[in-house]
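Structure first, commentary second.
Number of protein chains: 2
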Amino acid sequence: LKDSKIMDNEIKELMIPHEKVAHVQSTNPLDHALLVLIKSGYTAIPVLDTEYKVQGQISKAQILDSILGIERIEMERLHDYKVSEVMTSKVPRMHKNETFGKALMLSINHPFVCIEDHDQSFIGMMTRRSILALIHRHLGR
Amino acid sequence: LKDSKIMDNEIKELMIPHEKVAHVQSTNPLDHALLVLIKSGYTAIPVLDTEYKVQGQISKAQILDSILGIERIEMERLHDYKVSEVMTSKVPRMHKNETFGKALMLSINHPFVCIEDHDQSFIGMMTRRSILALIHRHLGR
Ligand SMILES: Nc1ncnc2c1ncn2[C@@H]1O[C@@H]2COP(=O)(O)O[C@H]3[C@@H](O)[C@H](n4cnc5c(N)ncnc54)O[C@@H]3COP(=O)(O)O[C@H]2[C@H]1O
Ligand SMILES: Nc1ncnc2c1ncn2[C@@H]1O[C@@H]2COP(=O)(O)O[C@H]3[C@@H](O)[C@H](n4cnc5c(N)ncnc54)O[C@@H]3COP(=O)(O)O[C@H]2[C@H]1O
Numbered sequence: 016l017k018d019s020k021i022m023d024n025e026i027k028e029l030m031i032p033h034e035k036v037a038h039v040q041s042t043n044p045l046d047h048a049l050l051v052l053i054k055s056g057y058t059a060i061p062v063l064d065t066e067y068k069v070q071g072q073i074s075k076a077q078i079l080d081s082i083l084g085i086e087r088i089e090m091e092r093l094h095d096y097k098v099s100e101v102m103t104s105k106v107p108r109m110h111k112n113e114t115f116g117k118a119l120m121l122s123i124n125h126p127f128v129c130i131e132d133h134d135q136s137f138i139g140m141m142t143r144r145s146i147l148a149l150i151h152r153h154l155g156r
Numbered sequence: 016l017k018d019s020k021i022m023d024n025e026i027k028e029l030m031i032p033h034e035k036v037a038h039v040q041s042t043n044p045l046d047h048a049l050l051v052l053i054k055s056g057y058t059a060i061p062v063l064d065t066e067y068k069v070q071g072q073i074s075k076a077q078i079l080d081s082i083l084g085i086e087r088i089e090m091e092r093l094h095d096y097k098v099s100e101v102m103t104s105k106v107p108r109m110h111k112n113e114t115f116g117k118a119l120m121l122s123i124n125h126p127f128v129c130i131e132d133h134d135q136s137f138i139g140m141m142t143r144r145s146i147l148a149l150i151h152r153h154l155g156r
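Top to bottom, those sequences are chains Z and C. If you want our numbering, it's the 1-based position in the first sequence plus 15. If you want our numbering, it's the 1-based position in the second sequence plus 15.
If you want it as structure tokens, here you go:
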């Protein structure tokens, strides 16, 4: 299991394809990012650039922290900031031809891992949930 | 691995003991809960009652959703609500003498699992992180 390539059939099906991943661009204003985060219900989502390359990730907590300085959150100030000013560039990524063991190792400290193609473009995401589901199926046998 | 009891030495060390778990009580006001959530940095934390029994869990998103109805978040209204009015009671729990397989199964759809003693009092939490770290150690051999 550990050494199978993540593009083996069984594991490839686990990946959430890029078209189903909620994401924002680094040049988007923060009010747009907060809207996408609240609507999707996710804690954190990937940030891509215009060429679909992974730049980092952004979370609701980061957006709220950046402007929570005063008692009220001033929603109108959100539009003046860009995602790139608040996001973290520390997001785990791996290549589509690497092993399941690598995805498992990265998922220990990160809720999701971004999967990249040969030209480093974003092709999908591996979540802790899908990794745990596969392991549970394998241990069960 | 799957059938070992979660209180086997190796697995017991994985559990975060209750004194290290950030939590609130169901009777606490929401402004207190938001403060604990923001200070701890966690997405969601357990809610206990006065007898240290698990009542549910509460997240930043739930608190913000409950009052986001208008443009500005009115911080002063937070004090008027109780945690019990906003929390979700759907939180996975298991008994300290159950198996690792059960903790793994519950962690597929939940970021953490609450561990209870014979009298159902809260003794600690198993996180996806600790489950993935143990699996990675075992698969490595
Ligand atoms: N709408 C929903 N339906 C069913 N279950 C839901 C759900 N939203 C959250 N969950 C559950 O809660 C876990 C934590 O979600 P969270 O949003 O904190 O953290 C998520 C989120 O930050 C990100 N993520 C997952 N799916 C995504 C997607 N389609 N687009 C963008 N980000 C995604 O990856 C993290 C880990 O996801 P994972 O699935 O392992 O783990 C998820 C899943 O088990
Ligand atoms: N201060 C910190 N230091 C290092 N890494 C950190 C961290 N805060 C978060 N992380 C990383 O981010 C993951 C998701 O954290 P989150 O707060 O969304 O979701 C957390 C949080 O809701 C809860 N949790 C974890 N530890 C807790 C504690 N001591 N008290 C209360 N709740 C806790 O369990 C969920 C899953 O935790 P898990 O460790 O599997 O997964 C954590 C961990 O890998």
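Beta carbons are placed, not taken as given, at the ideal position from N, Cα and C, and that holds for glycine.
Using a beta-carbon distance below 9 Å, is C:H47 in contact with chain Z?
-> Start at 1 with the first residue of the second sequence, and residue 47 of chain C comes out as number 32. So no, C:H47 is outside the interface.
For Z:K97, which of helix, strand or coil comes out of DSSP?
-> Working through the first sequence from its first residue, we reach residue 97 of chain Z at position 82. Here Z:K97 sits in strand by DSSP.
Taking 8 Å as the cut-off, is the CB of Z:P61 close to at least one heavy atom of ligand 1?
-> Residue mapping note: residue 61 of chain Z aligns to position 46 of the first sequence, counting from 1. Z:P61 has its CB nearer than 8 Å to a heavy atom of ligand 1.
Coil, strand or helix - C:K68 by DSSP | Translated into positions along the second sequence, residue 68 of chain C becomes position 53. In the structure shown, C:K68 sits in a strand (DSSP, three-state: E or B).
Cβ neighbour criterion (16 or more within 10 Å) applied to Z:G71 = Residue mapping note: residue 71 of chain Z aligns to position 56 of the first sequence, counting from 1. Z:G71 comes out buried.
Run the CB neighbour count on Z:P32, radius 10 Å, all protein chains shown included, and call it buried at 16 or more, exposed below.
-> Along the first sequence, read from residue 1 onward, the residue named residue 32 of chain Z stands at position 17. Exposed: under 16 other Cβ atoms inside 10 Å.
Comparing the C-beta of C:P126 with each C-beta of chain Z, is any distance below 9 Å?
-> Taking the first residue of the second sequence as 1, we reach residue 126 of chain C at position 111. At least one chain Z Cβ lies under 9 Å of C:P126.
Min CB distance C:L147 to chain A below 9 Å | Considering every chain present, this structure includes no chain A. Its protein chains are Z and C.
Please confirm whether any heavy atom of ligand 2 lies closer than 8 Å to the CB of C:G56.
-> Here residue 56 of chain C corresponds to residue number 41 of the second sequence, with the count starting at 1. At least one heavy atom of ligand 2 is nearer than 8 Å to the Cβ of C:G56, so yes.
For the 8 Å Cβ check, are there 3 or more pairs between the region 140 to 155 of chain C and the region 113 to 127 of chain C?
-> Touching, yes, given that three or more Cβ pairs across the two stretches are closer than 8 Å.
Cβ separation of C:Q40 and C:T58, assumed to be a contact under 8 Å, to the nearest whole Å = To locate residue 40 of chain C, count along the second sequence from 1; it is residue 25. To locate residue 58 of chain C, count along the second sequence from 1; it is residue 43. A Cβ-Cβ separation of about 19 Å leaves C:Q40 out of contact with C:T58 under the 8 Å criterion.
How big is the Cα-Cα spacing for C:T103 and Z:Y67?
-> Along the second sequence, read from residue 1 onward, the residue named residue 103 of chain C stands at position 88. Along the first sequence, read from residue 1 onward, the residue named residue 67 of chain Z stands at position 52. Their backbone Cα atoms lie some 37 Å apart in a straight line.
Run the CB neighbour count on Z:H38, radius 10 Å, all protein chains shown included, and call it buried at 16 or more, exposed below.
-> Taking the first sequence and counting its residues from 1, one reaches residue 38 of chain Z at position 23. Buried.
Distance between Z:I73 and Z:L49 (C-alpha atoms, nearest Å) | Position 34 of the first sequence, counted from the first residue, corresponds to residue 49 of chain Z. Position 58 of the first sequence, counted from the first residue, corresponds to residue 73 of chain Z. Distance between the alpha carbons of Z:L49 and Z:I73 is about 9 Å.
Do C:F137 and C:L52 have their C-beta atoms closer together than 9 Å?
-> Counted from its first residue, the second sequence places residue 137 of chain C at position 122. Counted from its first residue, the second sequence places residue 52 of chain C at position 37. Cβ distance not < 9 Å, so C:F137 and C:L52 don't count as in contact.
Considering only residues of the same chain and omitting the five flanking positions on each side of C:R108, which have a CB-CB separation below 6 Å?
-> Stepping through the second sequence from its first residue, residue 108 of chain C is reached at position 93. Closer than 6 Å at the Cβ level, and outside the excluded window around C:R108, lie V69, C129 and E131.
In chain order, what residues of the same chain have a beta carbon less than 7 Å from the beta carbon of Z:S55, not counting five sequence neighbours either side?
-> As a position in the first sequence, residue 55 of chain Z is number 40, starting the count at 1. Excluding positions up to five away in sequence, the list reads A37.
Compare the C-beta of C:A37 against all C-beta atoms of chain Z and say whether one is closer than 9 Å.
-> Position 22 of the second sequence holds residue 37 of chain C. The beta carbon of C:A37 does not come within 9 Å of any beta carbon belonging to chain Z, so the residue lies off that interface.
DSSP three-state assignment for Z:A59, whether helix, strand or coil = Reading the first sequence from its first residue, position 44 is the one you call residue 59 of chain Z. Z:A59 falls in the strand class under three-state DSSP.
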